[in-house]
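Engineer: Residue numbers (our numbering): 16 to 660.
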Ligand code: WTA
């Protein structure tokens, strides 16, 4: 598939579009030549309690300081709910579709107001106040959204932890941001299987003595252990609180949330987003990227435990008064037609998912798709990893009936919202390319030395100036923020991604260039998996690399060296897999574990990952220069015993 394959903007995408090609060009130009004027206009999409006078105050050098709309005040929850009430109290805010296809409900903006206020009052009753960090560990039920908005309403900073993470991973995140309050459910439900959320919280809290309050939403009614005084059922606490809770007045630069994400080194980082810029950014990108129009049913299949859920299930759509679908289940339950059955049932107009889901469903055959009516869908989207043109074409042809544009959206937890994507009424599509930058985004490609590369070329993707949705710091560790994003190339935000730009100025993200791997759209640091493996008493050393995987995008390949005299065994292999699942969660399960008597190292002791990657890819014919290895002999053994044959 070549980039010369172009899908022009279809006539249907031009109907009532927010942005034609001409408008995109003009707005983009203004956004980069007159950011003050552009963002002052855009900020009017948000209700401010006190208007700002300063728009942009940012620096990518020195201490790295990023402030937008800094003297304005607002409340994110009021922007997502209260301001819609005069006109839209009876519009549906949330369509909830349960794991069981018989389970669904509609929540209007009026109901959302009451629910969020009640939740906010429960949190207040448990002592939560402005600035406190609240950890949310929830299944995909409406209460997860209520809990997030309730935190925002009272000015507490939420840290949502994906429900698939293990107790250990949860504990690490609770400790890092010093949460004293945790919100969870008795159990989650995914593909008819129960997820023991409360039990995981109990286990995590053995390591978190400062957590004094656990609010538990009843989802399944399964048995749970109870710590009197610490634990409270949400429905009990909510029974006698008011359904009114005035929103706290927050400064634009007050934190809205922390979200942990993996990097190339160390433990996950607490990415901190603030209020004003994030709300402007998510609202604007949601409206333009999805060309959202009032009354449309919009479905993003992510989990609220990831940034996509934050920005494009909760804050962006609700700020725009949209109807956002919240799905509890999985794409293959009760069968592989579930996504399309839900689209048919709720007349979904805009559908946004991950390439890994598309590839997995493509495998299972077209019938699962075509047996459901998809005529309501007018726009498709993808996020999380590069989409291979083959999967793009299937999505376009079979799911979208060649009618729907596909917005391939490139962005990161750190960027708060979409950075590069084709606006559906403006940009011709090329399968596999995220295409053109969003307003205010100035991408550039640099070589290893930070030299700017012009024209059609490949390089490392950097962003040269700030945008309102940008993360402000790593929670509690500003040095790490500076080091991770601004030290590789001075004065530039480094994304960690490699990228190609073609002769039409289209951007093609090629994947991470650091030690981060992307498994089914989930970011993982190889260092995190390694440190889980070396927790085992018999393991001396571990090195983890990614390898291309047909469905997951990348798989996890671990090389493990045991202590002298220890014999490898299948049982040990199983124990190691179990250990990683325990330390991180099932998403980090290694696909292959290879026991290696030694790892290829330079004479200075640095592991040569390039060689390990090649062997994991089963591409050992061309290992490059191995003469600098301390012991070239180890390579033969690695090849001989490779697992991915
Ligand atoms: C990758 C998810 C290619 C990329 C929103 C990035 C993508 C990382 C795309 C961020 C895309 C995300 N095309 N690659 N459309 N979207 N990525 O923080 O490597 O979970 O750096 O944010 O996912 O992952 P994160």
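Every residue, glycine too, gets a C-beta built ideally from N, C-alpha and C. Fair warning: this is a prediction, and the values are worked out from it, not measured in the lab.
With a Cβ-Cβ cutoff of 8 angstroms, do residue 291 and residue 87 count as a contact?
Structural biologist: Against a cut-off of 8 angstroms, the Cβ pair of residue 87 and residue 291 comes out as a contact.
Engineer: At the level of alpha carbons, what is the spacing between residue 540 and residue 186?
Structural biologist: Those two C-alpha atoms are separated by around 18 angstroms.
Engineer: Which class does residue 16 belong to by DSSP, given the choice of helix, strand or coil?
Structural biologist: Per-residue confidence for residue 16 stands at a pLDDT of 46, beneath the threshold of 50, marking its modelled position as unreliable; the derived number appears in the next sentence. Reduced to three states, the DSSP call for residue 16 is coil.
Engineer: Among residues of its own chain, excluding the 5 on either side of residue 95, which ones have a beta-carbon nearer than 7 angstroms to its beta-carbon?
Structural biologist: Cβ within range, chain order: 164, 330, 333, 334.
Engineer: Give every residue of the same chain whose Cβ lies closer than 6 angstroms to the Cβ of residue 442, excluding the five residues on either side of it in the sequence, and list them in chain order.
Structural biologist: Around residue 442: 450, 451.
Engineer: May I have a chain-ordered list of the beta strand (DSSP E) segments no shorter than 3 residues that lie completely inside the region 412-467?
Structural biologist: The region 412-467 contains these whole beta strand (DSSP E) runs: 421-424, 458-461.
Engineer: Is any heavy atom in the ligand WTA found nearer than 7 angstroms to the beta carbon of residue 565?
Structural biologist: Incorrect: residue 565 has no Cβ contact closer than 7 angstroms to the ligand WTA.
Engineer: Curious, which full-length alpha helix (DSSP H) runs of at least 4 residues does the region 91-129 contain?
Structural biologist: Runs of the alpha helix (DSSP H) inside the region 91-129: 91-95, 100-103.
Engineer: Please confirm if the region 164-175 is in contact with the region 112-124, defined as three or more CB-CB distances below 8 angstroms between the two stretches.
Structural biologist: Verdict: no, contact absent.
Engineer: Here's the rule: buried if 16 or more other CB atoms are within 10 angstroms of the residue's CB, otherwise exposed. What is residue 16?
Structural biologist: Confidence at residue 16 is low in this model, with a pLDDT of 46, below 50, so the placement of that residue should be treated as unreliable; the coordinate-derived value is given next. Exposed is the call here.
Engineer: When DSSP labels each residue in this structure, what does residue 145 get in the three-state scheme?
Structural biologist: Looking at residue 145 - three-state DSSP - the assignment turns out to be coil, as it is neither helix nor strand.
Engineer: Please work out which residues of its chain come closer than 6 angstroms, Cβ to Cβ, to residue 663, disregarding the five sequence neighbours upstream and downstream, and give them in chain order.
Structural biologist: This structure cannot speak to residue 663, because the chain is shown only from 16 to 660.
Engineer: From which residue to which residue does the beta strand (DSSP E) around residue 612 run?
Structural biologist: First-last for residue 612: undefined, no H or E at that position.
Engineer: In the DSSP assignment, what are the bridge partners of residue 246?
Structural biologist: According to DSSP, which records beta bridges pairwise, residue 246 is partnered with 229.
Engineer: DSSP has residue 74 in a bridge; who is on the other side?
Structural biologist: Looking at the DSSP assignment, residue 74 forms a beta bridge with 80.
Engineer: At the level of alpha carbons, what is the spacing between residue 409 and residue 377?
Structural biologist: Roughly 7 angstroms between the two C-alpha positions.
Engineer: Can you tell me whether DSSP reads residue 642 as helix, strand or coil?
Structural biologist: Residue 642 falls in the coil class under three-state DSSP.
Engineer: For residue 587, which residues of its own chain have a beta-carbon under 7 angstroms away from its beta-carbon, when the five flanking residues on both sides are left out?
Structural biologist: Answer for residue 587: 553, listed in chain order.
Engineer: Would you kindly report the start and end of the unbroken beta strand (DSSP E) that includes residue 569?
Structural biologist: Segment 568-577, the beta strand (DSSP E) holding residue 569.
Engineer: Taking C-alpha atoms, which residue in 227, 309, 236 lies nearest to residue 200?
Structural biologist: Nearest C-alpha to residue 200: 236.
Engineer: Quick one: using the 10 Å Cβ neighbour count with 16 as the cut-off for buried, is residue 507 buried or exposed?
Structural biologist: That one is buried.
Engineer: Measuring straight from C-alpha to C-alpha, what distance separates residue 561 and residue 529?
Structural biologist: Straight-line Cα distance between these residues: approximately 11 angstroms.
Engineer: Around the C-beta of residue 430, are 16 or more other C-beta atoms found within 10 angstroms, so that it is buried, or is it exposed?
Structural biologist: It is buried - the Cβ of residue 430 has at least 16 other Cβ atoms within 10 Å.
Engineer: At the level of alpha carbons, what is the spacing between residue 592 and residue 602?
Structural biologist: Their Cα atoms are separated by approximately 11 angstroms.
Engineer: State the DSSP-derived secondary structure class of residue 205, mapped to helix, strand or coil.
Structural biologist: Correct three-state label for residue 205: strand.
Engineer: So, at 6 angstroms on beta carbons, what are the nonlocal neighbours of residue 158 in its own chain, with the 5 sequence-adjacent residues on each side left out?
Structural biologist: Hits under 6 angstroms: 232.
Engineer: Any heavy atom of the ligand WTA closer than 7 angstroms to the Cβ of residue 530?
Structural biologist: False, no ligand heavy atom lies under 7 angstroms from that Cβ.
Engineer: Considering just the uninterrupted stretch of the beta strand (DSSP E) at residue 563, what are its terminal residues?
Structural biologist: Segment 554-564, the beta strand (DSSP E) holding residue 563.
Engineer: Starting from the Cα of residue 659, find the closest Cα among 643, 621, 574 and give me that residue.
Structural biologist: Residue 659 has its Cα closest to that of 574, out of 643, 621, 574.
Engineer: In its own chain, which residues sit with a C-beta less than 7 angstroms from the C-beta of residue 386, not counting the 5 before and 5 after it?
Structural biologist: Result list for residue 386: 352, in chain order.
Engineer: By how many angstroms is the C-alpha of residue 245 removed from the C-alpha of residue 627?
Structural biologist: Those two C-alpha atoms are separated by around 48 angstroms.
Engineer: Taking 7 angstroms as the cut-off, is the beta-carbon of residue 403 closer than that to any non-hydrogen atom of the ligand WTA?
Structural biologist: It does not: the Cβ of residue 403 is nowhere closer than 7 angstroms to a heavy atom of the ligand WTA.
Engineer: Quick check on residue 262: does DSSP put it in helix, strand or coil?
Structural biologist: Residue 262: coil per DSSP, three-state reduction.
Engineer: Can you confirm whether the region 143-158 touches the region 177-195 when touching is taken to mean that 3 or more C-beta pairs between the two stretches lie within less than 8 angstroms?
Structural biologist: Yes, the region 177-195 touches the region 143-158.
Engineer: Any idea what DSSP makes of residue 54, helix, strand or coil?
Structural biologist: Residue 54: helix per DSSP, three-state reduction.
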